[in-house]
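Colleague: Structure incoming, see below.
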Amino acid sequence: MKNSLHKHATLAMVALATALGANAAQAQEKKTVAYLAPSLDISYWQWVGYGVKQKAEELGMDYIELTSENSPAKQMDNARTAVTKGVDAIVIGPVSSTSTPPLLAYLKSQNIPIAFAGIGPQPGQADYTSSVTANNYETGKAQGSFVCKLAKERGGNQVGMLSLPQDRENAQKYLKGAEEAFKADGCDLAQMLETRALTINEAVTQANDMLTAHPDIKAIYGMYDEAGTGAAKVLETRGLTGKVGIAVADGSPTTIGLLKANAIQGIFFQEAVGQGIDGTQQVYNALTGAAVEKDLALVMPLVTADKVDSPEAKAVIARVFPPAN
Amino acid sequence: MTQNTTQASADTKQATFEIQHRESIIGSYRTEIAIAIAIIVLALAVGSQVPQALSWGNFANITQAGAPLIIMSLGVLLVVITGGIDLSVGSVFSLTGMVTAQAMAHGFGGFEASLIGLSVGLLFGSINGFLVTIAGLAPFVVTLITFAVAGSLAFIVTNGRSMPIGDPDFWLLNSGSLVPGMPNYILFCIVLLVVIELFLKKIVAGRWFYAVGSSAQAARLLGIPVKRTTFLAYVASSLLASFSGLLTISYILNAESTAGSSLMLQAIAAVVIGGASLLGGTGTAVGAVLGALMITVIQNGVNLIGINSFWQGSVTGVAILIAVLIDRFSKSRRGAG
């Protein structure tokens, strides 16, 4: 009897150990992806994170999130923390392109695949798995043409621009593309004002000042979401809604609402969620030995006011921000 | 003959008194007058480059853009006069907007939501006042903490997302007209300016603020309630920051968690430009309003002329330097006189 009990206990222990071992092996096989955000106070980076998380779940990966608070040093610390935690891959929205070389050197030494989302690595860097960004130059050209068309439809050829800070590479590319389009299509850029605070309030002040200095402006190009919202507010106050056209880059629930109300005529959507999804797919491919696309430059799709409710527009918007928004 | 001489003497005395009174008013507002002249010169200089700068429409732009800063600066002034500093106003401004918008999203009307929003100011002002007066902590440290906490809460409330304003009539707070022909944002600025200036100059409790800022110890010996005065200064500062936040969301009909991030330094700069000393004991509401207007006119001018907006900080810095030099120059002349 005693022997039989012993035997049963031993068998149970063996079974438990086997089960635990199997679980541990399974846990070891389950990959983890870390999303390093430059800061999470900007919706855009939250939405990229949503895309990473969504794709990670779909691929059976665990997800962790770390924020760099716009500090290159914190970003580096986060990369080290992620590696210490045992992550298998990283998707990063970097603090800036120039902050990336030491990070890439470190991750290469650790053999961790890394995908960029939103902002790419510093030009000349090659030690990354994939870079999923918007094609800012081509998008700038498309935006310039659209804005010029809006101005001409309203009987003028002067356009204004509320720009992101021009020390950003993406802003420079947008501007270069737009300027080329203005020149080709016969429009004049009457004034460009750069943001410092990226707030609607600042954009309202700037749009007001721009229209005061250049009353012949017939279309405004907002290079970021708040710019479009601020410009729309100013036009409403001045009774110019529809008389001066607005096109905006990025896209958010607020600007979509304005698009539906015809206060904005077109949005060039930056696929924040889509960039997170694509970046995660690329690092997963690298981990599993599948083919990887090194540079994915997505042209930002345009959705106009008349097509905002179409199935195509809804598919685009699904890659911009999470449904809860 | 004697009667005529007496009458002439009385008239002379009356005239002398009036001149002296006028001179004393001019003398006590010498810095403010210099700033007002500087603003006019600045506006004319911008107008020479861009004629529309001197239009009525641009005046409306400047007052609208400057109103939140003016109101916030009036609050910061009260703290600065007592020898303190309030670094939390920008965060309180943002948090008020987010809380108010969130309250509306939860079904509260504009008025009730505004009261909830103002309670943010009341709460943070009380915390600042309590920690400075009762706990005896340095104002810089205390308001740095509440700056961080309120700033963080502004993100937490909506997870960093901007919030549209739910009440369709909420724009009336800023752009409606309680007095026909005058938008509310101008009315609020004028009323607050007059009330605070009169309070500081004509009411005994208002003079206590200067006494506390000049020397808290001497004020205590004179029987002035130093702690209560200081506490009130912080509460007023936060409340006005909250109100300024309400006015802004009423204008743009959107609340943003970063909306007030640049305002705190501007408000302190406005107060300093207006002639207040960060050591306490000096400053006027008129000066703070003019300081805020000067910053707004600079920003407006930079935009109108098309100068890269990154220069705004440098131009404002130079304006502060000039204002401080004017202030020092006028004080040393007064001292010499």
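Residue numbers (our numbering), protein chains in the order written: chain A, 814 to 1138; chain B, 38 to 374. In this text, a Cβ means the ideal position worked out from N, Cα and C, and glycines have one as well. Fair warning: this is a prediction, and the values are worked out from it, not measured in the lab.
With a threshold of 8 Å between beta carbons, is Ser881/A in contact with chain B?
Modeller: In the first sequence, the residue the question calls residue 881/A occupies position 68. No, its Cβ sits nowhere closer than 8 Å to a Cβ of chain B.
Colleague: According to DSSP, is Ala835/A part of a helix, a strand, or is it coil?
Modeller: Here residue 835/A is taken as the residue at index 22 of the first sequence, counted from 1. Residue confidence for Ala835/A is low, a pLDDT of 48 falling below 50, so the modelled location carries little weight and cannot support an answer.
Colleague: Give me the DSSP bridge partner(s) of Leu1111/A.
Modeller: In the first sequence, counting from the first residue as 1, residue 1111/A sits at position 298. Answer is Ala947/A, bridged to Leu1111/A.
Colleague: For Gly94/B, which residues in chain A fall below 8 Å Cβ to Cβ?
Modeller: Counting from 1 along the second sequence, the entry for residue 94/B is found at position 57. Within chain A, the residues near Gly94/B are Thr1025.
Colleague: Beta-carbon within less than 6 Å of Ile877/A's beta-carbon, same chain only, minus the 5 sequence neighbours each way: which residues are those?
Modeller: By one-based count along the first sequence, residue 877/A stands at place 64. Same-chain partners within the cutoff: Ala847.
Colleague: Hey, Asn803/A and Ala1118/A are a contact pair by Cβ (cut 8 Å); roughly how many whole angstroms apart?
Modeller: Here chain A has residues from 814 to 1138 only, and residue 803/A is not among them.
Colleague: Taking the runs of the beta strand (DSSP E) that are 3 residues or longer, which of them lie wholly in the stretch 1043-1117 of chain A?
Modeller: Runs of the beta strand (DSSP E) inside the stretch 1043-1117 of chain A: 1058-1063, 1079-1082, 1108-1111 and 1115-1117.
Colleague: Measuring only between beta-carbons, confirm whether Leu159/B sits less than 8 Å from chain A.
Modeller: On the second sequence, position 122 is the one that residue 159/B refers to. By this cut-off, Leu159/B is not an interface position.
Colleague: For Asn891/A, go through chain B and note every residue whose CB falls closer than 7 Å to its CB, in chain order.
Modeller: Position 78 of the first sequence holds residue 891/A. In chain order: nothing, as chain B lies at least about 18 Å away.
Colleague: Work out the CA separation of Val194/B and Ala142/B for me, nearest whole Å.
Modeller: Taking the second sequence and counting its residues from 1, one reaches residue 142/B at position 105. Taking the second sequence and counting its residues from 1, one reaches residue 194/B at position 157. Ala142/B and Val194/B: Cα-Cα distance of roughly 12 Å.
Colleague: Rounded to whole angstroms, what is the Cα-Cα separation between Val334/B and Thr295/B?
Modeller: What you label residue 334/B is simply residue 297 of the second sequence in a count that begins at 1. What you label residue 295/B is simply residue 258 of the second sequence in a count that begins at 1. Straight-line Cα distance between these residues: approximately 23 Å.
Colleague: Spell out whether any CB of chain E is found under 8 Å from the CB atom of Gly213/B.
Modeller: The structure shown has no chain E; the protein chains it does contain are A and B.
Colleague: So for Met1036/A, helix, strand or coil by DSSP?
Modeller: Counting from one through the first sequence, the residue named residue 1036/A turns up at place 223. Correct three-state label for Met1036/A: coil.
Colleague: Less than 8 Å between CB atoms is the rule here; does Gly343/B satisfy it with respect to chain A?
Modeller: Locating residue 343/B in the second sequence gives position 306, counting from the first residue. Yes, its Cβ sits closer than 8 Å to a Cβ of chain A.
Colleague: Only counting the same chain, and skipping five residues up and downstream in sequence, which positions put a Cβ closer than 7 Å to that of Leu920/A?
Modeller: Counted from its first residue, the first sequence places residue 920/A at position 107. Excluding positions up to five away in sequence, the list reads Ala892, Ile903 and Ile927.
Colleague: What is the residue span of the alpha helix (DSSP H) that Gly338/B lies within?
Modeller: Position 301 of the second sequence, counted from the first residue, corresponds to residue 338/B. Here the alpha helix (DSSP H) through Gly338/B covers Ala322 to Ile342.
Colleague: Evaluate contact between the stretch 261-275 of chain B and the stretch 63-79 of chain B, counting only Cβ atoms and requiring at least three cross-stretch pairs below 8 Å.
Modeller: Contact fails: fewer than three Cβ-Cβ distances are below 8 Å.
Colleague: So, using beta-carbon positions, are Leu215/B and Ala104/B closer together than 8 Å?
Modeller: In the second sequence, the residue the question calls residue 215/B occupies position 178. In the second sequence, the residue the question calls residue 104/B occupies position 67. In this structure, Ala104/B does not lie closer than 8 Å to Leu215/B by Cβ.
Colleague: Looking at C-alpha atoms only, which residue of Ala253/B, Tyr271/B and Ala140/B is the closest neighbour of Phe207/B?
Modeller: Here residue 207/B refers to the residue found at position 170 when the second sequence is read from its first residue. Among Ala253/B, Tyr271/B and Ala140/B, the Cα nearest to that of Phe207/B belongs to Ala140/B.
Colleague: So Val232/B contacts chain A; which residues on that side make the cut at Cβ distance below 7 Å?
Modeller: Counted from its first residue, the second sequence places residue 232/B at position 195. By Cβ distance, chain A contributes nothing, its closest Cβ being about 25 Å from Val232/B, past 7 Å.
Colleague: I'd like the ranges of any alpha helix (DSSP H) spanning at least 4 consecutive residues and lying wholly in the stretch 977-1012 of chain A.
Modeller: The stretch 977-1012 of chain A contains these whole alpha helix (DSSP H) runs: 982-998.
Colleague: Out of Thr1018/A, Val1061/A, Phe1081/A and Val960/A, state which residue places its alpha-carbon closest to the alpha-carbon of Arg1051/A.
Modeller: As a working note, residue 1051/A is residue 238 in the first sequence. Among Thr1018/A, Val1061/A, Phe1081/A and Val960/A, the Cα nearest to that of Arg1051/A is on Thr1018/A.
Colleague: Can you tell me the Cα-Cα spacing of Val355/B and Ile1090/A, whole angstroms?
Modeller: Position 318 of the second sequence, counted from the first residue, corresponds to residue 355/B. Position 277 of the first sequence, counted from the first residue, corresponds to residue 1090/A. One C-alpha to the other measures close to 48 Å.
Colleague: Can you tell which of Asn1021/A, Ser910/A and Ile1130/A has its C-alpha closest to the C-alpha of Asn883/A?
Modeller: Translated into positions along the first sequence, residue 883/A becomes position 70. For Asn883/A, the nearest C-alpha among the options comes from Ser910/A.
Colleague: Can you find the residues in the same chain that come closer than 6 Å, C-beta to C-beta, to Gly1043/A, ignoring five residues on each side of it along the sequence?
Modeller: Within the first sequence, the letter at position 230 stands for residue 1043/A. Result list for Gly1043/A: Ile1013, Ala1016, Val1017 and Ala1020, in chain order.
Colleague: Just checking, does the stretch 266-278 of chain B make contact with the stretch 95-103 of chain B on the three C-beta pairs under 8 Å criterion?
Modeller: The answer is no - the stretch 95-103 of chain B does not touch the stretch 266-278 of chain B, with fewer than three Cβ pairs under 8 Å.
Colleague: Count the other CB atoms within 10 Å of the CB of Met219/B; is the residue buried (16 or more) or exposed (fewer)?
Modeller: Along the second sequence, read from residue 1 onward, the residue named residue 219/B stands at position 182. Answer is exposed; the Cβ neighbour count stays below 16.
Colleague: Could you compute how far the alpha carbon of Val1133/A sits from the alpha carbon of Thr946/A?
Modeller: Counting from one through the first sequence, the residue named residue 1133/A turns up at place 320. Counting from one through the first sequence, the residue named residue 946/A turns up at place 133. Cα to Cα, the separation comes out at about 13 Å.
Colleague: Does the stretch 1105-1117 of chain A come close enough to the stretch 936-951 of chain A that 3 or more CB-CB pairs lie under 8 Å?
Modeller: The stretch 936-951 of chain A, when compared against the stretch 1105-1117 of chain A, does touch it at the 8 Å Cβ threshold.
Colleague: Buried or exposed: where does Ala835/A fall if 16 or more other Cβ atoms within 10 Å of its Cβ makes it buried?
Modeller: Residue 835/A sits at position 22 when you count from the first residue of the first sequence. Here Ala835/A scores only 48 on pLDDT, less than 50, and its place in the model should not be relied on; the value that follows carries that caveat. By the 10 Å Cβ count, Ala835/A comes out exposed.
Colleague: Is the Cβ-Cβ distance between Leu916/A and Gln888/A less than 8 Å?
Modeller: Residue 916/A sits at position 103 when you count from the first residue of the first sequence. Residue 888/A sits at position 75 when you count from the first residue of the first sequence. Yes, they are a contact pair.
Colleague: In chain order, what residues of the same chain have a beta carbon less than 8 Å from the beta carbon of Asp1001/A, not counting five sequence neighbours either side?
Modeller: By one-based count along the first sequence, residue 1001/A stands at place 188. The residues are Asn970, Gln971, Val972 and Phe995.
Colleague: Can you find a CB in chain B that lies within less than 8 Å of the CB of Thr1067/A?
Modeller: Translated into the one-based positions of the first sequence, residue 1067/A becomes position 254. For Thr1067/A, the answer is yes, since a Cβ of chain B falls inside 8 Å of its Cβ.
Colleague: So for Ile903/A, helix, strand or coil by DSSP?
Modeller: The sequence position of residue 903/A within the first sequence is 90, counting from 1. In this structure, Ile903/A counts as strand in the three-state DSSP scheme.
Colleague: CA-CA distance, Arg981/A and Glu993/A?
Modeller: The count along the first sequence starts at 1 and reaches residue 981/A at position 168. The count along the first sequence starts at 1 and reaches residue 993/A at position 180. C-alpha separation (whole angstroms): 19 Å.
Colleague: Grab the span of the alpha helix (DSSP H) containing Glu878/A for me, first residue to last.
Modeller: Numbered from 1 along the first sequence, position 65 holds the residue referred to as residue 878/A. Taken as a continuous stretch (DSSP letters only), Glu878/A belongs to no alpha helix (DSSP H), being part of the beta strand (DSSP E) at Asp875 to Thr880.
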